[in-house]
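Visitor: Residue numbers (our numbering), protein chains in the order written: chain X, 8 to 441; chain P, -6 to 260; chain U, 86 to 558. This is the structure I have questions about; it appears just below.
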Amino acid sequence: MPNIKSVVKKKKNSEYLEDLSKIIPLNGLSDKFPEKSWETWRRFDPSLLLPIMLESAREGVYKLPLLWKEINEDVTSCTKHKNFCENVKVLKEWEKTDFKFAQKVKDSLKKLNYNNEAAFFSQMANNITPWDETPVFRISKNSSMENPLHFLYAPKKDIKYFYSNSLIIYAEENSSASICLESFSEGFNLYDTRVYLEDNASLNLHCLIREGIGSNTTKHSAWVWNKNVYCRSSSNFTQSFFSAGGKLGKMISEVFLNDNSSAQIYGIHVGNHSHVDHDFNVKHFGSRSTSNLEFNMALLDNAYGVFRGKLNIPKDYRVCKAEQTNKNLLLGEKSRADSIPMLEVLSEEVECSHGSATGELSDEEMFYLQSRGLNETQAKQLLLLGFFENILQKALKHTQDKAAYNDPFLHDIWCAIQDRSHINFERTYTMAET
Amino acid sequence: MSDKENKKTILEISNLHAEYINPQNTTEKIPILHGINISIKEGEIHAIMGPNGSGKSTLSSVIMGHPHYKVTKGEINFFNKNTNKLENIVDMPAFERARIGLFLSFQYPAAVPGLPVSQFLRNALKTLRNEEISVKEFRKEMNDSMDFLKMDNEFAKRYLNEGFSGGEKKRMEILQMTLIKPALAVLDEIDSGLDIDALKIVSDGINSLIDGKRSFLLITHYKRLLDYVKAENIHVLAGGKIIKQGGFELVDILESKGYDEIVKEAQ
Amino acid sequence: MSKDTKDKARAIKEDYKYGFHSPEEFVYKAEKGLNEEIVRSISRIKNEPEWMRDYRLKSYQTFLEKPMPKWGDQKMLSQIKFENIFYYLRPTDKQKKDWSDVPEYIKDTFDKLGIPEAEQKFLGGVTAQYESEVVYHSMRDDLTKKGILFTDMDSGLREYPEVVKKYFGTIIPYTDNKFAALNSAVWSGGSFIYVPPDTQVIIPLQAYFRINAKNMGQFERTLIIADKGSSVHYIEGCTAPVYSSDSLHSAVVELIALENAKIRYTTIQNWSNNVFNLVTKRAAAYKNAKVEWVDGNIGSKLTMKYPAIYLMDEHAHGEVLSIAYAGKGQHQDAGAKMVHAAPNTTSKITSKSISKDGGQNTYRGLVKITKNSKNCKSNVRCDALMLDMNSRSDTYPHMEVEESEGVKVNHEATVSKVDEEMLFYLNSRGISEDDAVSMIINGFIEPFTKQLPMEYAVELNRLIQLEMEGAIG
């Protein structure tokens, strides 16, 4: 697959700047965060990303190769996998080999439309990677992939590029699969992931972002991850999302539910010198659809985290169940959190609830642990574990292979949860600073 | 025992089949009761015993008319104190059933935040007795009953079942029963989660109503409630059917053999 | 609920008992619509100082410049016809201190609303506003002797110009939003209250607002200052006749609670369904002060109101307790804002809403903990009850936390229908379905009603009962 693996497009700086200025509204920058209007409250202003985008684009615009990764494999040895190659082709190739399928994919794209900021970013992604050249991951009818598939977006180390990574995952009827997308890219990264589940399909999608961690570009890297999921009847979608690193980040996750379908979304964010904005949008366009959204943020130093969750149940869809929970831990002196859990309910027979809590580690709990002989750091470690445990348990139970998470941070947390003893907290705590 | 035949029938359940309808998905129906026959006469105390999942709680819910259960076959005939007739109550709404003399003590009573106990009780008594009750009169009656059940009078000011402990909820149910004085009280696992002292108090509450006219249907797992409240008729429920009926001696047999054995024997 | 109940639950609001109106009489009525000359003439008639006239004119300019809100119920907002409104109507020449001096037709109105009766029974002072002016005002002598100032806003400006000039528009500047600018330009009536240090006003003071004329705009302005260590409870009630065309009510309310002071501001808003109720309410609470907004929104066509409390000094406490009822054709877009601008401040927001017959409720809330406001605690609870399929309930809470040390911000919200298990439990005790529903609803709003003075709680329960009677048939 040449077009996945190699550089697709490299434009001259001047050309790209022109492109960008077409997409990004450069005017109205002074109007950032207009405080008085509820509507625009704390909207993530894309123009914040501009400096990093431009700087990265100046170095070059690339599409990142998507690499197959064996479990516990070293990053450097990631290769193409045979089965994987059979299942992933760019849309153009699919048209040649399986025209019918390509047609289905094209049809599904009509349903995976974005609005607002997401549309803005997806247009940008589309400018770089047109639909024809977008890789499509096919999970065939009635197939069931027992082991999770792990993919990696791995860039060149310590060089900042503008990367655009688009992917379509298409799960056919009665299929089930578990996919992990891992990224530790640098520079500016634009991900556009679209997921379409046919009737009765089931998909676990795990996304890991470790933007620039362990390199010296963290403070100058940024990412945007657009995710749009369409669930047909009786399908089941589980997403877990872990993000850390980067200076600026924006996550948009839209899930569209039909009759009897369900979605579980679990997320953890660890922020450190970063401003990351998370947008979750769950639309219950089907009766008896259920959704559960749990998202926790731990914000260190001067990290700024935003959670914006929206549950929408239109009229005439009955017996829906929707929940969202957001908990934020402020650990740094200058950290801040915004939490905006929204409900829009136009139907009567629903059970909807949301909860949000923001605070620091409890003094009483710290004292209790210290009275049992733990020092402050150890006590903090344990409490932080507790803060994430619930979500990790739920998120990881969907994949059989816990160790698939090669992320040092998650791995440590996971190990610690398993044996309740050891976690390299110092590393966790300072990982993005190097 | 000769006057037994002269006594009128209070509850006559015949060939009762019922299913549970999942409120989340009304097309999902689970049949639970498969032909129950029970007959209770005036002044009798019956007990239904059975293992977990045998349909005990379903039976009590169906008798009271819970909207999540549907009677698919058979009849529940109940003696209507207003018309002096035995009537099939299967299609009667729950509040009508209460008004003709039926009472259910819930295993898990719902909490109603913001609704004070006293206000609730006074309203309930007014409709059930079909007469005005003065605040003073009502307060005295309620406080007497509370004292008898060793409940703090502060209970009256609390919101109905909200934040009540398990034991408090059970006493609340018995308090309602002693005030309502129903013709037939169905007590669903009134003994679960009670310590010895509380069990004694609850049993006293039940026994205080026994007058040879009122009837009781106790639903329980264990013998211990029956040590305090003497039931003459025991029904063993398993798999949605009454598999054995008998007198009090059945309790001891159950206690020594266990449900498994009895179920096997019945098969 | 059974289908039967829902079928019965059709018409509501049809017996809005305050929907009557009296013949329109006035001594001065400005022409329809708004222009600079009308603003000038209001100021002239009121014989105001120059600074107030200039303030009005500046505000009028701002009103013209500011856009309509781009959020909220755009469909309803677009129905406001500013050019169809009468901005000033003076019903009588003089304000009276005795009900028998008030013109008969106005007195009749207030009699029907039960104001004189309530005044005798349990109020410390009353102002009654009819259209643009306060027509009756009186306060108990013992309160006057304590040095408490309670007048209508116009008299306040005349009699205590320094105090008014010092505080007027400091909490809500005319530039705040379009409707605050409108109010600042054409305000008339409202209350001015000053409570001297260490003075407690135990019995509530009340203002009653009545719109009578068609297409009327009412723009009262209220300023309450509670000096150090004082306390006051102020209640406002609002009603209007039912007309086929819309009226506009746009008030500005500013509260200032100085050190250790306590203000409770209770609103029972029961406008008829043709009134746009677009109100800006904000309070500043200083050291150890406590401010509570108790906000009941039963009536109106569209309400947009988010009572705010700025906690300016340490240990200030703010509370907003609100219920909203939205029936057919109504949209209650209400909520609360809490800004913790100092350490050790605490706040609590409780919101309950009931939607029925296609009514729409929206909760919009903000809790903001500014940088360096350590040890702040805030608790938000929103519960919404949906009584049928056609209704709608939206919740848009915003939590912004910029400080971490000792900060706890909690938010919980639920949207549900009447719980079936509760209903069955009450049914099983002989209580009919309709009675059970209304008992559950009364329980649902109990946290609100228990904060009202006895007489009001009874009235409110009756009101809700009346609203629910539509459901009961």
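Note that CB positions come from ideal geometry on N, CA and C, so glycine has one too. Please read these numbers as outputs of a predicted model, since none were measured by experiment.
Since X:Lys322 and U:Met474 should fall inside the 8 Å C-beta cutoff, what is the C-beta to C-beta distance between them, to a whole number of angstroms?
Guide: That pair is a contact at about 7 Å.
Visitor: Would DSSP call P:Asn200 helix, strand or coil?
Guide: Looking at P:Asn200 - three-state DSSP - the assignment turns out to be helix.
Visitor: So X:Glu330 is in the beta strand (DSSP E); what residue range does that whole segment cover?
Guide: Unbroken beta strand (DSSP E) run through X:Glu330: Cys327 to Leu337.
Visitor: Is it buried or exposed for P:Ser138, if we count other Cβ within 10 angstroms and need 16 for buried?
Guide: It is buried - the Cβ of P:Ser138 has at least 16 other Cβ atoms within 10 Å.
Visitor: Would you verify that the beta carbon of X:Asp286 is, or is not, closer than 7 Å to some beta carbon of chain U?
Guide: Taking Cβ atoms only, chain U never reaches closer than 7 Å to X:Asp286, which makes this a no.
Visitor: Compare the C-beta of U:Asp92 with all C-beta atoms of chain X and state if any pair is closer than 7 Å.
Guide: Low per-residue confidence applies at U:Asp92: pLDDT is 38, beneath 50, and the placement is therefore not dependable enough to give any value.
Visitor: For the stretch 436 to 479 of chain U, list the beta strand (DSSP E) runs that are entirely contained and at least 3 residues long, ordered along the chain.
Guide: Fully enclosed beta strand (DSSP E) runs of 3 or longer: 445 to 454 and 462 to 471.
Visitor: Nearest by alpha-carbon distance to X:Gly366: which of U:Gly491, U:Lys456 and U:Asn429 is it?
Guide: Checking every option, the nearest Cα to that of X:Gly366 belongs to U:Gly491.
Visitor: Please report the straight-line C-alpha distance between P:Thr120 and P:Lys133, rounded to a whole angstrom.
Guide: Distance between the alpha carbons of P:Thr120 and P:Lys133 is about 19 Å.
Visitor: Name, please, each residue of chain P whose Cβ falls closer than 7 Å to the Cβ of U:Arg514.
Guide: Those are Ala91, Ala117 and Gln169, listed as they occur along chain P.
Visitor: If we count Cβ pairs, one from each stretch, closer than 8 Å, do we get three or more for the stretch 366 to 375 of chain U versus the stretch 395 to 408 of chain U?
Guide: With a cut-off of 8 Å, the stretch 395 to 408 of chain U and the stretch 366 to 375 of chain U count as touching, because enough Cβ pairs lie within range.
Visitor: Taking Cβ positions, are X:Lys148 and X:Glu180 nearer each other than 7 Å?
Guide: It is a contact, given that the beta carbons lie within the stated cut-off.
Visitor: Taking the CB atoms as reference points, tell me whether U:Glu404 and U:Lys441 lie closer together than 7 Å.
Guide: It is not a contact, given that the beta carbons lie outside the stated cut-off.
Visitor: Look at the alpha carbon of P:Ala178 and the alpha carbon of U:Gly515, and state the distance between them as a whole number of angstroms.
Guide: If I take the Cα positions, the gap works out to 14 Å.
Visitor: Run the CB neighbour count on X:Gly293, radius 10 Å, all protein chains shown included, and call it buried at 16 or more, exposed below.
Guide: The residue in question, X:Gly293, is buried, as its Cβ has 16 or more Cβ neighbours within 10 Å.
Visitor: Keeping to the same chain, check which residues put their C-beta closer than 7 Å to that of P:Ser53; ignore five residues upstream and five downstream.
Guide: Correct list, in chain order: Leu97, Val179, Asp181 and Ile212.
Visitor: Among U:Phe294, U:Tyr221 and U:Lys366, whose alpha-carbon lies nearest the alpha-carbon of U:Tyr103?
Guide: The option with the nearest alpha carbon to U:Tyr103 is U:Phe294.
Visitor: Residues of chain X with CB closer than 7 Å to the CB of U:Asn300, please, in chain order.
Guide: Within 7 Å Cβ-Cβ: nothing; U:Asn300 doesn't reach chain X, min ~29 Å.
Visitor: Is U:Lys231 helix, strand or coil by DSSP?
Guide: Here U:Lys231 sits in coil by DSSP.
Visitor: Are three or more beta carbon pairs between the stretch 246 to 258 of chain X and the stretch 266 to 274 of chain X nearer than 8 Å?
Guide: With a cut-off of 8 Å, the stretch 266 to 274 of chain X and the stretch 246 to 258 of chain X count as touching, because enough Cβ pairs lie within range.
Visitor: Quick check on this structure: which residue in U:Glu506, U:Glu110 and U:Glu377 has the alpha carbon closest to the alpha carbon of U:Arg367?
Guide: For U:Arg367, the nearest C-alpha among the options comes from U:Glu377.
Visitor: If contacts are defined as beta-carbon pairs under 8 Å, then P:Pro102 and U:Tyr510 qualify, I think. What distance do you get, rounded to the angstrom?
Guide: P:Pro102 to U:Tyr510, Cβ: 6 Å. Contact.
Visitor: Which of the three DSSP states is assigned to U:Lys102 in this structure?
Guide: Correct three-state label for U:Lys102: coil.
Visitor: Is DSSP giving X:Ser183 helix, strand or coil here?
Guide: It is a strand residue.
Visitor: Using 10 angstroms around the beta-carbon of U:Lys192, count the other beta-carbons present and answer buried if the total reaches 16, otherwise exposed.
Guide: Buried is the call here.
Visitor: Return no unless some Cβ of chain U is closer than 7 Å to the Cβ of P:Pro106.
Guide: Yes, its Cβ sits closer than 7 Å to a Cβ of chain U.
Visitor: Do we get a CB-CB distance below 7 Å when we pair U:Asn460 with the residues of chain X?
Guide: It does not: the Cβ of U:Asn460 has no partner Cβ on chain X nearer than 7 Å.
Visitor: Using a beta-carbon distance below 7 Å, is X:Cys359 in contact with chain U?
Guide: It does: the Cβ of X:Cys359 has a partner Cβ on chain U nearer than 7 Å.
Visitor: Identify the continuous alpha helix (DSSP H) that holds U:Gln159 and give its terminal residues.
Guide: First-last of the alpha helix (DSSP H) with U:Gln159: Gln159 to Leu162.
Visitor: Considering just the uninterrupted stretch of the beta strand (DSSP E) at X:Lys234, what are its terminal residues?
Guide: Residues Ala229 to Cys238.
Visitor: Per DSSP, what kind of secondary structure is X:Ser250 in: helix, strand or coil?
Guide: Looking at X:Ser250 - three-state DSSP - the assignment turns out to be strand.
Visitor: Can you tell which of P:Glu166, P:Ile41, P:Ala40 and P:Gly58 has the C-alpha that lies nearest to the C-alpha of P:Tyr13?
Guide: When each option's Cα is compared against that of P:Tyr13, the closest is P:Gly58.
Visitor: On a Cα-Cα basis, can you pick out the residue from P:Gly198, P:Leu243, P:Lys206 and P:Lys234 that is closest to P:Val222?
Guide: Checking every option, the nearest Cα to that of P:Val222 belongs to P:Gly198.
Visitor: Quick test of the definition: if touching needs 3 or more C-beta pairs under 8 Å, does the stretch 294 to 313 of chain U touch the stretch 171 to 180 of chain U?
Guide: The stretch 294 to 313 of chain U vs the stretch 171 to 180 of chain U: in contact.
Visitor: Would you say U:Ser517 reaches chain P, if we count a Cβ-Cβ gap shorter than 7 Å as a contact?
Guide: U:Ser517 counts as touching chain P.
Visitor: Less than 7 Å between the C-beta atoms of U:His496 and X:Ser363, yes or no?
Guide: Yes, they are a contact pair.
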